[in-house]
Structures are given as structure tokens and as C-alpha cells.
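Colleague: The opening position of the sequence shown corresponds to residue 4 in the working numbering, with each subsequent residue numbered one higher.
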Amino acid sequence: MSAGSVADVVGATLTALGADHVFGVVGSGNFHVTNALVRHGARFVATRHEGGAATAADAYARVSGRAALVSVHQGCGLTNAMTGIAEAAKSRTPMLVLAAEPAATALRSNFRVDQDALARAVGASADRVHGAGTAVADVTRAWRTATGERRTVLLNLPLDVQAEPASIVDPPAGPAPHPPRAADEAVRALADLLATADRPVFIAGRGALDARTELADLAAACGALLATSAVAKGLFAGNEWNLDVSGGFATPLAAELIAAADVLVAWGASLNMWTTRHGALVGAAATVVQVDLDPVALGAHHRVDLGITGDVRSSALAVRAALPRTTNGYHTPDVRARLRTRGRWRDVPFVDDGDDRHVDPRTVSIALDDLLPVSRVVAVDSGNFMGYPSMFLSVPDRRGFCFTQAFQSIGLGLATALGAALAAPDRLPVAACGDGGFLMGIAELETIRRLGLGMLIVVYNDAAYGAEVHHFGPHGHPLSTVTFPETDLAAIARGYGCAAATVRGPDDLAPVGAWLAGPRDVPMVIDAKISPSRPSWWLEEAFRGH
Ligand SMILES: Cc1ncc(C[n+]2csc(CCOP(=O)(O)OP(=O)(O)O)c2C)c(N)n1
Ligand SMILES: [Mg+2]
């Protein structure tokens with residue numbers, strides 16, 4: 004036990020609970036608590052915008068599997084972070100946002116906003132450190148809500164409370180809760196279904212990220228093909244029965260095989276409009292099963308014939324043990340041969356759209372896929388371009404892809420790649436952005452450069468909000484609000500101290516090869532001037548959902 008202020012206690016307690024990274028922008032209100040975290044061993048990453056801090060923390064948590072912290076100033080620090088907090092909350096990212104708060108008595112403070120209401124409005128929960136006597140318990144409760152319930156939690160730190168003298172004590176040891184396994188009848192029902200299925204397909208989502216082995220073993224025993232939702236891309240990489248992503252990014256072959264399934268099992272996946280292409284990937288006669296920890300998730304987006312509440316890993320193990328017999332199901336020589344020859348997007352022939360001023364976005368993506376080391380983590384911003392990196396850049400495993408798109412916000416790509424890079428320092432971080440998203444989030448280019456991260460940033464530059472151009476252009480609407488003059492992003496990147504290249508054809512990627520071969524102590528930005536003529540079918544899905 005040692006003495007300090009409540010701010011010290013917050014820092015000491017969080018690091019004792021396991022927090023190791025904190026992202027933020029420091030002002031007077033969160034100065035002491037951030038320094039306390041650093042003093043107790045956490046790494047502080049100073050971003051240039053609180054929105055970047057929240058998104059980088061979210062991505063760090065997703066790729067590392069450990070809860071992350073955000074530290075912001077009262078009022079405006081928090082409002083700046085709100086988009087990233089909304090994304091994290093929608094994605095059930097375990098994240099704790101430490102926000103200073105005006106004292107309850109400071110009614111006229113410039114910084115006063117209803118911070119609790121802000122958090123709740125975007126699906127995060129709100130809590131508070133109430134005083135010196137409860138500080139350890141308050142922090143521990145917020146941390147457990149974030150990690151145990153996979154919630155994004157705002158922890159308000161009133162300025163007067165932070166300054167109170169308090170004692171640092173160890174947080175109480177928590178119980179180690181056992182994840183709930185599916186009920187025996189449900190396990191038997193699913194085992195019987197799979198034992199008689201001719202064409203079973205599994206779609207694994209965020210809730211299945213720790214269950215690759217168990218799901219692959221079960222799939223081997225019942226002949227199931229393996230697909231994922233977009234956020235879980237990479238989970239089954241290397242498995243010969245992997246279909247990759249189900250939904251808008253699915254290859255024609257994957258879409259055909261999924262739509263022909265007679266039993267479709269969603270494991271920790273919500274079967275939303277993206278994953279099912281508005282239901283088009285689910286055959287009318289298919290028996291649909293959903294396994295999810297959260298009973299409220301069952302059937303929330305799509306018809307479900309058998310809904311099972313349970314943790315994916317233990318449920319998959321139990322179903323495997325209960326299988327009355329093993330079958331080949333969908334694992335036929337014909338399917339194997341087709342997957343080998345047409346299993347990837349790059350196997351699908353296309354006519355190159357490029358000209359002497361523009362590169363086809365598919366061509367540049369495929370060229371990069373060949374050039375970049377396999378050990379990579381790919382982060383993708385939002386926009387018309389987003390399918391190209393998601394479909395043409397392969398990823399080695401589930402930690403190789405970070406997709407912060409639950410809120411469909413543009414501008415999160417760079418910060419996502421920042422958090423992912425810190426969580427996977429052994430890999431090449433790749434940020435894929437549109438020109439709009441890149442310029443919106445560009446504050447973090449300075450952070451990435453300052454930290455010396457060897458990140459490759461690929462900007463699919465069509466000098467436009469291409470999503471809007473392609474959506475409204477064909478109907479004859481004026482487009483001057485969504486088109487821009489050409490911007491020399493390579494020159495801007497060099498101004499930040501980055502390496503850079505302007506790419507109008509695959510040959511212009513030569514400097515990337517040189518950069519890859521070097522020390523990679525500065526990031527590299529590729530300004531890929533892409534052919535703008537092509538609308539993307541995955542975005543049409545989005546507009547149908549509006
Ligand atoms: C924060 C936010 N503002 C606006 C939008 C609407 N929006 C969706 S895509 C898009 C254009 C993005 O442009 P860019 O990053 O260049 O990608 P492109 O569509 O051109 O490929 C916009 C403005 C959004 N999704 N998020
Ligand atoms: Mg654009």
C-alpha cells in the first residue's frame with residue numbers, strides 16, 4: 004500500500020489489472036492519470052486527434068486480444084473521440100475510455116457536456132470514479148465490464164475526485180468465469196443435423212476468433228466448408244476448405260457454394276446483410292443454425308431454424324464429440340479442385356481498366372499482394388475502394404486483418420493500422436485508404452511517422468468521394484460536391500517525413516520494393532491514381548440497406 008492521489012490509484016489499478024497500452028491526447032484533465040499509467044508500466048501512445056486514439060485503441064485490442072485504454076481531456080477531448088468509441092461499442096471491443104470530467108460543482112465549466120449521455124448514445128456504457136474510498140473498486144468494476152462483457156466503457160474521472168489523496172492497493176482478484184457451453188439437447192440437435200448434411204457450410208464471425216482449431220476439426224468430421232464474416236477474414240487461412248469471406252467480398256465460387264449449402268451454421272456471426280448479401284447467399288431450403296454467446300443475437304438479422312446459446316469454442320468441441328458419425332459432406336474432389344483453381348479473387352479473369360494516367364485498382368492490389376511479405380496485418384478504411392484490398396490482399400491468419408467498419412465511418416483506416424501495428428510489431432502493417440478517408444484521418448500520419456513504424460499506406464486515389472460518385476452519377480445528379488481537384492498525396496507524405504511514390508501503373512511500384520528491402524524506419528505512402536470508372540458491387544449492397 005502506498006499513498007498518492009486518486010489519479011495515481013487509477014493508473015496503478017489499471018496496470019495491475021493488465022492494461023498495457025493507452026492511446027490519447029493529453030490535456031490538463033488527464034495529465035496526471037496518463038502519467039500515472041506510464042509510471043506503472045503502461046505504454047502511452049500520443050495520437051494527434053482523440054478520434055485516432057479511440058480507433059487505434061480499438062484496433063490494438065482486436066489484434067492483440069487484450070483490452071486497451073484511451074485517455075482524453077474532459078468535454079472536447081471526449082467529443083472528438085466519439086466516432087471511434089461508437090465503432091468500438093458496435094464491435095463489442097473491450098476498451099476503457101478514461102475521460103476527465105469537470106467537478107460536479109463546476110456547473111459553468113466550458114468543458115461541461117453530459118459525458119454519460121454521450122457514451123450511452125453510441126452504445127458504450129458509462130461509469131465513474133466516485134471518490135478516494137471507492138477508486139479501486141470503481142476502476143476494477145469498469146475494467147471487468149469492458150473485458151468480461153466485451154463492452155466499450157467510459158470511465159469518468161471528475162477533476163476534484165482525481166486530486167483526492169488515496170492509497171494504492173492491489174485490486175481484488177476476480178473470478179475466472181467459465182464460458183457458457185451450449186445445452187446438451189442443442190449440441191445433439193446440431194450434431195444430428197451435421198451428420199446428415201450433404202453440403203454443410205460454417206460461417207465464423209467475431210465470436211469465433213479463438214476457435215479456429217475446434218471449428219476446423221468439426222468441419223473435417225462433417226465435411227463442412229469454412230467461411231467467415233468480413234471482420235473474421237483470415238481465420239481459416241491455409242485450410243484447403245476455406246472459402247474466405249462470405250458476403251459482398253465473396254468470390255463467385257464461394258458465393259455459389261455457400262448459396263447451395265443445405266445446412267448453414269453461423270458461429271459467433273450475426274448473419275447480417277453484408278455476410279448474407281441481403282439473404283441471397285442463404286438458400287431457401289437451407290437449415291440455418293446460429294451459435295452465439297448472446298441469446299439476443301440469435302435470429303436478429305436472418306431467419307434461424309436452430310438457435311444455440313453458447314460459447315463457440317466449447318460448443319464446437321461438444322458437437323464434435325456428439326457427432327454420431329463422420330461424413331465427407333461438401334468435401335468432394337470436385338469442390339477441392341474448383342477451390343484450388345478459382346478459390347481466390349485473383350483467379351477470376353478481368354479486363355484491366357488502366358490507362359497511361361491511371362492504374363486499375365485490382366492490378367495494383369494484386370501486384371502488391373505479390374510484393375509484400377506474407378507476414379502482414381491489413382487495415383481497411385471505408386469507401387468505394389474498400390473491396391480491392393479486402394479481396395486481393397491475402398492475410399496469413401485472423402490477426403492479419405483489421406476491419407473497423409461496424410459504424411461504416413470513413414477516416415478510420417490510418418488509426419486502425421496504427422493500433423494494429425503496435426499489436427503486431429512482427430508484421431508489415433498495411434493501411435488501405437481512399438483519398439477521402441486518408442485526408443480525413445491524416446493527423447495520425449504524423450503519429451505513425453513519429454513512432455518510426457514501417458507501415459505501407461496505400462491510397463486508392465480517385466480524387467473523389469467515389470462511393471457517392473458511383474451511387475449518384477448514373478442518375479444524372481451533379482457531382483461537384485463529391486469530386487475534388489487532383490491532390491499530390493506523395494508530396495504531402497514526404498512533408499510528413501515519409502517515403503512516397505505516385506503510382507499510375509504497376510511499374511511505378513518499384514520504389515516499394517526498395518523500401519521493403521531497406522530498414523523500414525519510416526512509413527511509405529503510395530498515391531495510387533486509380534481508374535475511376537468502376538463502381539463496386541459491395542457498396543451497392545450498402546446502399547440497398549439504407
Ligand atoms: C464519417 C463519414 N462521413 C461521410 C461518410 C459517407 N461516405 C461514405 S463513402 C464516402 C467517400 C469516401 O471517399 P474515399 O475515401 O476517397 O473512398 P472512395 O469512395 O473514393 O473509394 C463518404 C463521404 C461516411 N461513411 N463516414
Ligand atoms: Mg476517393
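Even glycine gets a Cβ: it sits at the ideal position worked out from N, Cα and C.
Are three or more beta carbon pairs between the region 360-377 and the region 283-299 nearer than 8 Å?
Modeller: The region 360-377 is not in contact with the region 283-299.
Colleague: Please report the straight-line C-alpha distance between Glu-104 and Gly-32, rounded to a whole angstrom.
Modeller: Using only the alpha carbons, I get a separation of about 7 Å.
Colleague: Taking the C-alpha atoms as reference points, what is the distance between Thr-254 and Phe-441?
Modeller: Distance between the alpha carbons of Thr-254 and Phe-441: 27 Å.
Colleague: Looking only at its own chain, which residues have a Cβ that is under 6 Å from the Cβ of Asp-119, when we skip the five neighbours before and after it?
Modeller: Here the set comprises Ala-129.
Colleague: Would you report the Cα separation of Pro-352 and Asn-159, rounded to the nearest angstrom?
Modeller: Cα to Cα, Pro-352 sits roughly 54 Å from Asn-159.
Colleague: I need the DSSP call for Ser-368, collapsed to helix, strand or coil.
Modeller: Reduced to three states, the DSSP call for Ser-368 is helix.
Colleague: Please give me, in chain order, every unbroken run of the alpha helix (DSSP H) with length at least 4 that falls completely inside the region 419-505.
Modeller: Runs found: 438-443, 446-453, 469-475, 492-498.
Colleague: Evaluate Val-478 with the Cβ neighbour count: other Cβ atoms within 10 Å of its Cβ, from every protein chain shown; 16 or more gives buried, anything less gives exposed.
Modeller: Reading the sequence as shown, one finds His at residue 478 and not Val. Looking at its Cβ environment, which holds fewer than 16 other Cβ atoms inside 10 Å, His-478 is exposed.
Colleague: Quick check on Arg-111: buried or exposed, where buried means 16 or more other Cβ atoms within 10 Å of its Cβ?
Modeller: Classification for Arg-111: exposed.
Colleague: Straight-line CA distance for Leu-162 to Ser-8?
Modeller: Approximately 11 Å between the Cα atoms of the pair.
Colleague: Could you name the residues that DSSP lists as bridge partners for Pro-203?
Modeller: Pro-203 pairs with Val-266.
Colleague: Mapping DSSP to helix, strand and coil, what is Asp-400?
Modeller: Asp-400 falls in the coil class under three-state DSSP.
Colleague: Start and end of the beta strand (DSSP E) containing Gly-583?
Modeller: Given a span of 4 to 549 for the chain in the structure shown, any question on residue 583 remains unanswerable.
Colleague: Do you know how far the Cα of Val-472 is from the Cα of Pro-168?
Modeller: Those two C-alpha atoms are separated by around 58 Å.
Colleague: One question on the structure: do Val-525 and Gly-500 come within less than 8 Å of each other, judged by their Cβ atoms?
Modeller: Against a cut-off of 8 Å, the Cβ pair of Gly-500 and Val-525 comes out as a contact.
Colleague: By the DSSP assignment, the alpha helix (DSSP H) with Asn-38 in it spans what residues?
Modeller: Taken as a continuous stretch (DSSP letters only), the alpha helix (DSSP H) holding Asn-38 covers 34-42.
Colleague: Which of the three DSSP states, helix, strand or coil, is assigned to Leu-415?
Modeller: Three-state DSSP puts Leu-415 in coil, outside helix and strand.
Colleague: Roughly how many whole angstroms lie between the Cα atoms of Ser-534 and Pro-364?
Modeller: Cα to Cα, the separation comes out at about 7 Å.
Colleague: Ligand 2 and Gly-439: does the residue's C-beta get closer than 7 Å to at least one heavy atom of that ligand?
Modeller: Flag set: Cβ of Gly-439 near ligand 2.
Colleague: At a cut-off of 7 Å, would you count Ala-467 as near ligand 2, judging by its Cβ distance to the nearest heavy atom?
Modeller: Because some heavy atom of ligand 2 lies under 7 Å away, the Cβ of Ala-467 counts as near it: yes.
Colleague: DSSP has Thr-155 in a bridge; who is on the other side?
Modeller: Paired residue(s): Met-98.
Colleague: Rank Ile-88, Asp-356, Gly-414, Asp-11 by C-alpha distance to the C-alpha of Val-139 and give the top, closest one.
Modeller: The residue with the shortest Cα to Cα distance from Val-139 is Asp-11.
Colleague: Helix, strand or coil for Glu-104, going by three-state DSSP, please let me know.
Modeller: Here Glu-104 sits in strand by DSSP.
Colleague: Between Val-73 and Leu-40, how many whole angstroms is the CB-CB distance? I'm expecting something under 8 Å.
Modeller: About 11 Å; that fails the 8 Å criterion.
Colleague: Just how far apart, CA to CA, sit Thr-445 and Ala-189?
Modeller: Sequence inspection shows Ile at residue 445; the Thr mentioned does not correspond to that position. Each residue's Cα considered, the two are about 49 Å apart.
Colleague: Look at the Cβ atom of Ala-200, then the Cβ atom of Gly-332, and state whether they are nearer than 8 Å.
Modeller: Yes, the pair counts as a contact, with Cβ atoms nearer than the cut-off.
Colleague: Classify Gln-293 as helix, strand or coil using the three-state DSSP reduction.
Modeller: Strand, per DSSP.
Colleague: Which residues bound the alpha helix (DSSP H) around Leu-309?
Modeller: Note, Leu-309: premise wrong, no alpha helix (DSSP H); beta strand (DSSP E) at 309-312.
Colleague: Which residue marks the beginning of the beta strand (DSSP E) containing Leu-228, and which one marks its end?
Modeller: It spans 228-231 - the beta strand (DSSP E) in which Leu-228 sits, taken as one unbroken run.
Colleague: Counting only runs of 4+ residues fully inside the region 49-81, write out the alpha helix (DSSP H) ranges in chain order.
Modeller: Within the region 49-81, the complete alpha helix (DSSP H) runs of at least 4 residues are 53-67.
Colleague: Throw me the rounded Cβ distance for the Pro-183 and Thr-312 pair, which I believe falls under 8 Å.
Modeller: Pro-183 to Thr-312, Cβ: 7 Å. Contact.
Colleague: Any idea if Leu-459 is buried or exposed, counting beta-carbon neighbours within 10 angstroms, 16 or more meaning buried?
Modeller: With 16 or more other Cβ atoms within 10 Å, it is buried.
Colleague: DSSP three-state call for Val-315: helix, strand or coil?
Modeller: Reduced to three states, the DSSP call for Val-315 is helix.
Colleague: Residues in its own chain within less than 6 Å of Met-389 by CB, not counting five upstream and five downstream?
Modeller: Excluding positions up to five away in sequence, the list reads Val-383.
Colleague: Ala-219 and Phe-239 - do their beta-carbons sit closer together than 8 Å?
Modeller: For Phe-239 and Ala-219, yes; Cβs fall inside 8 Å.
Colleague: Per DSSP, Met-46 forms a beta bridge with which residues?
Modeller: Sequence inspection shows Arg at residue 46; the Met mentioned does not correspond to that position. His-24, per the DSSP bridge assignment.
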